[in-house]
């Protein structure tokens, strides 16, 4: 969703696609915005969007899948699912608010 929001911020174009993506994003990520949202002011610059992307990527970084080999069987790929609670995001996540 941030990939949809980013070019809109860069070009200062706040169309329905931007508002829809922003609404979906705000449903997932805890946001200290209160009840009234200014769609034009949530992200002031592309740097604000990039900052959030970097933080989310650092939270969601996954390790490489592990391969387990059993005798007489083809390798099986085992992946771990990493769960991150977005409620624990630091105040630095929303550095410009």
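Numbering (our numbering), first residue to last: 8 to 104.
Just so you know, even glycine gets a beta-carbon here, dropped at the ideal spot from N, CA and C.
CB-CB length for residue i against residue j, believed under 8 Å
i	j	result
residue 12	residue 50	7 Å
residue 32	residue 9	7 Å
Member of the options whose CA lies at the smallest distance from the CA of residue i
i	options	result
residue 7	59, 18 and 30	Absent from the structure is residue 7, since the part of the chain shown begins at 8 and ends at 104.
residue 19	47, 42, 38 and 37	47
residue 28	37, 15 and 54	15
residue 38	21, 22, 59 and 24	59
residue 17	55, 66, 42 and 41	55
Cβ-based burial, residue i [other Cβ within 10 Å; buried from 16]
i	result
residue 35	exposed
residue 71	Its pLDDT being 48, under 50, residue 71 is placed unreliably in this model, and the coordinates cannot settle the point.
Problem - alpha helix (DSSP H) segments (min. 4 residues) lying fully within the stretch 28-77 - result: 53-67
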